[in-house]
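Sequences listed follow chains A and B, in order. Note that our numbering numbers the first sequence so that position 321 is 321, with each residue one more than the last. Note that our numbering numbers the second sequence so that position 456 is 789, with each residue one more than the last. A quick write-up on the structure given underneath.
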Amino acid sequence: MLDWLSNLFPVLVVVVGFWSVRRALRQPLWAEAWRRLKANRLALIALSVIGVYALVGFCDSIAWRNDKNANSLSLIDRAFSRPAEPTYSAPLANKTFGEPTPRALQGRHLLGTDGTGQDVVYLTLKGCRTALIIGGFTLLIATPLALLLGMLAGYFGKRVDDAVQYTYTVLDSIPNILLLIAMLLVLGRGLPQLCVALGITSWVGLCRLARGETLKHREREYVRAARALGISHGRILMHHILPNLLPIIVISVTLGFSGLVLSEAILSYLQLGVAAGTGSWGNMIDASRLELARDPVIWWNLAAASAALFILVLAFNLFGDALRDAIDPRLNS
Amino acid sequence: MFSRRRFWSGLAFLFLLGGCGNSPYPTGLTRESVYFMSQQDDPRKLDPASSYRANEGQILDVICPSYYEYQPLKTKKIQLQLMLGEREAERESYPYTVAGKGKVQGERWTFHIRHDLRFQDDPCFPGGKGRAITAKDFLYAFRRMADPANASPVVTFFSDKVVGFSDLVERNAKLQKADKGADYVTPIKGLQLDATDPYTFRIVLNQPFPQLRYLMAMHFTSPMPFEAVTFYGKEINQHPVGCGPYVLQEWTPKRRIALAVNPNRPTEFYPSEGDPGDKEKGLLRDAGKRLPLADKVVITNIPESTTGWNLFLQGYMDAWGVTQTNFQQVMTQQGALSPEMKEHDIRLVKSNDLWVTYFAFNMSDPVVGGYTPQKRKLRQAISLALNSQEFIELFSMGNGLAAQSIIPPGIYGYDPKYHNPYRTFDPKLAKAKQLLKEAGYPNGIDAKTGDRLTIYYDNAKIEAAGRQYIGLISRQIEALGIHLESRAQRDVVWQNKIEGNDWQLVDYGWIADYPDAENFLFLLYGPNKRPGPNLSGYNNPAYNRLFERMRAMNDGPERLALMHQMRQMVQEDCPLIYLQEVQRMSLYYNWLGANKPHPIANTLLKYRAVNGEQRAQLQTKWNRPVVWPILMFGVVLVLGSLPAVQVVKHRHNRRVTDRNPSQQEVSA
């Protein structure tokens, strides 16, 4: 029962995502943007790369148990269901690495194994889901918060604006890392806690942007006209201002995603990342602190995690830039 | 505006930088008789009453010595020798009567200290000159341990034995609650000064306790001047004032500690006797020389092992350990020192530590604790699933022994022939699975509920190496069908969980305070439960009775027989899973005189001899500036800039050309 419920969630995320995109594409602005995106080969490659990562993350989210006492295994776990090796092994090696008496491996591993004997390709794929969850869920927390506060501050001004500005100025004046450390010490270690902590620390920039844009739009004729017709503030905000903010929000969120994925790596280096047992590129990179100090160097763990991280971040950045160009062709020049 | 003059002066500056060298020390210091070592982090404190960590001990024990010390060369049979003591302490039976208890068979120890002892020169003394040391200063050190403000970790070593000491501790605790200072005045029966001789003091115990000699070799019992405590107040833990071979010359937090020779140090010489074979190894070459052998010790903070290892290879550290990171570079497959290390004039020294590591079960936990046959079998099954050898191979590079009992080699009572039936690993786990079934968990499933048994492993292993450790223990225990849930927390949270008894399985270790089996067997003595050293809370009345008898005995067949009985009980109850008897491999440069590791002595710094001249020569040879990367970088930079220069030039010289002159003429 619990397996079905937990599997329903990623399916729902995918369905809602597709539905939103389909709906958006019916609107002229987004349809035109998609037409322009299709003409940009680099953007399509970036989108395909993101799609591949999303697919891996999705496969890793669909999990079930063989019996009630078995561990819940995802599609990725099942694809790599070989027993773990004793410890490190180099790519395609047949013996362990770094032991006084190397032991024979049970199989070959394309990118070798890590200290716990796990296949590095498997660990790298497991990191996809964590990265996407951290990026996605953090934005799900930060974006509504930033939009709500930014739009309220920009639209109503005066005391509301003062209060919101005061809040984000105070929050922004605390060093982000310090705030994250404090929050993670209170909330504990774990993926949801990390998303909450990152969400709370990352809404300020978007809130400023939303406030500025709302300030601009509230003086436009169509808003004045709506007001003159007696339309409520809530309706004006939701139906008139929000749709006009969406393009810039979408671009900002796309570019912000990569920053959040990178934060996980930094936090893992500070021993504040996700717990052991959760696939994480940050933890793999953190492990390399010792691995790079060895002679001969253990490079495969770091190389795989860095490459996966780099490709995803690059894809998001390229796609974000292309999306910006597509939505606002004036920026193209 | 960029000028040629600036370019050439910049280039000259870069070349001059090469002459600066890479030595982290002031010029010429490495040529002197200075021993350079490193520490990962600062000592938390350097107070004889409360410092307990190994890195604190090795500094503190050469500043604040005690009545006894360990003979540095006798490691086969560890021996004490006099340090501040004038002669061996006299131990005599001391029967006395206690109201309500009747006659108690205690003992009285009489200590005679040397008459030539002076504290180091320090601003806390009038005129900055250290004064003579008397027996009062020794007893003052004992009273400081009873002061709760000092949080002495060994107060329990004395409070249940020294007559009147526990009352003093309680009285001081009450005074602290009332926001008053501790009692340093009221005499107590257990600590007595001699009315006629200022260099004699006595300690009265309520039970025979032969291990007191060892306690008198620890820095906790080092004489302490009350002037220093008054002068420095709360900062006394950063200003150790003693009478040892060294004084603390500099302590720059997070950077370095420097020790310099104490001019007031007592006269002492390098020993002229050692274990058989020591003479041949050159260990007696410095026999008869006055201590300390090095004029100075510089301890640099190096948090990252990679940095330290590189400094060692450059010759800027005199010693370094063999770890997981450098093992492959240091050792050959055959277990010998690699040719690269030999070329570097490095020698390898292996040693056994009096250090045992183990996993502990919480004996009050409803799942893994308890003394019923089922609970015993569950612990025995888990014990059988853990393969010590794999831990040793992976984390200690095969260097260590799979522990079979709590007593490590080098301690009387260690039996190399003893094989614990529940610490003998069988890859098929046949016996372990059978025991698990008998415990009510066939294949790790609770026979009553049908759920998989989950055991929680609390730890502070949040760094990368720790994750590897967790991976290994999970794999080994889960082979039984049990689910192991790791709860990795920051160190403080983990410690709090242990103190709050909120745990099931943890891993821990014990390094001997003194080389006596009592110091290991007391880890399972019921009354020593938390906050005492008995982590698992094991409380077997039969074991406790045997321990109390054994504690009072000198080593001998009768004591050994008791120890075997205790071992048998613990083996069946299985509160601990013994993991490893730790062995250490260290690397030393040959410019250091011969040195011998000691499993317990903390005073080895004073026996380090350094040939500074040889070191400086080799450092110069190994650290010649390598200029080619800079030149290469310059060439690449210049070559890489050429296209850019071309583009700039091209743009700069661009002219508007007339493509249609006839039209121009027309318009004109």
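Just so it is clear, CB atoms sit at the ideal spot from N, CA and C, and this is done for glycine as well.
- In the three-state reduction of the DSSP assignment, B:V574 falls in the coil class.
- For B:G889, there are no C-beta contacts with chain A under 8 Å, since the nearest C-beta of that chain is about 39 Å from it.
- By the rule that beta-carbons nearer than 9 Å mark a contact, B:K794 touches chain A.
- Using a Cβ-Cβ cut-off of 9 Å, A:G98 counts as an interface residue toward chain B, since at least one Cβ of chain B sits closer than that to its own.
- Closer than 9 Å to the CB of B:S819 there is at least one CB belonging to chain A.
- At least one beta carbon of chain A lies nearer than 9 Å to the beta carbon of B:M730.
- Cα atoms of A:I298 and A:L123: separation of roughly 15 Å, rounded to the nearest angstrom.
- The Cβ atoms of B:I933 and B:A850 lie no closer than 9 Å to each other.
- One finds N69 in chain A with Cβ atoms closer than 7 Å to the Cβ of B:I778, taken in chain order.
- The beta carbon of A:D172 sits no closer than 9 Å to any beta carbon of chain B.
- Scanning A:T96, A:L55, A:S89, A:M238 for the CA closest to the CA of A:I76 turns up A:L55.
- Listed along chain A, the residues sitting closer than 9 Å to B:S638 by beta-carbon distance are L290, A293.
- Counting along the chain, B:Q809 sits inside no beta strand (DSSP E); it lies in the alpha helix (DSSP H) bounded by residues 797 to 811.
- For the stretch 666 to 695 of chain B, the beta-carbon criterion of a distance under 9 Å to any beta-carbon of chain A is satisfied by Q666, G668.
- Beta bridge pairing from DSSP links B:F694 with B:L838.
- Residue environment: B:Q952 is assigned as buried (16 or more neighbouring CB atoms within 10 Å of its CB, all protein chains considered).
- Here B:R420 carries a strand assignment [DSSP, helix/strand/coil].
- If you check the CB distance, A:G277 and A:D286 do not come in under 9 Å.
- B:G523 is positioned such that its CB atom lies no closer than 9 Å to that of B:V487.
- Taking a C-beta cut-off of 7 Å against chain B, the contacting residues of the stretch 290 to 319 of chain A are L290, A293, R294, D295, P296, listed in chain order.
- Listed in chain order, the beta strand (DSSP E) runs fully inside the stretch 364 to 403 of chain B are 367 to 372, 401 to 403, counting runs of at least 3 residues.
- Within its own chain, the residues whose Cβ lies closer than 8 Å to the Cβ of B:G390, once the five positions on either side in sequence are excluded, are S384, H552, N935, listed in chain order.
- Within a 10 Å sphere around the beta-carbon of B:D698 sit 16 or more other beta-carbons, which makes this residue buried.
- As DSSP reads the structure, A:R324 sits in no beta bridge.
- Taking a C-beta cut-off of 8 Å against chain A, the contacting residues of the stretch 646 to 658 of chain B are Q657, T658, listed in chain order.
- Of the residues assessed, A:Y222 falls on the exposed side of the cut-off, its CB having fewer than 16 other CB atoms within 10 angstroms.
- Counting along the chain, the unbroken beta strand (DSSP E) around B:Y911 starts and ends at 909 to 922.
- In this structure, A:L149 places its C-beta atom within 9 Å of the C-beta atom of A:Y168.
- When DSSP states are grouped into helix, strand and coil, A:L8 belongs to the helix group.
- Against chain A, the beta carbon of B:Q661 has neighbours under 8 Å at G98, R294, D295, P296, listed in chain order.
- Annotation for B:G654: the continuous beta strand (DSSP E) segment containing it runs 652 to 654.
- In the structure shown, B:I831 falls within a helical segment according to DSSP collapsed to helix, strand and coil.
- Beta-bridge analysis with DSSP links A:T113 to A:S89, A:D119.
- Unbroken beta strand (DSSP E) stretches of 3 residues or longer found wholly inside the stretch 585 to 626 of chain B: 589 to 594, given in chain order.
- Looking at the DSSP output, B:L413 sits in a beta bridge with B:Y403.
- Residues of chain A whose Cβ lies closer than 7 Å to the Cβ of B:D784 are, in chain order, N69.
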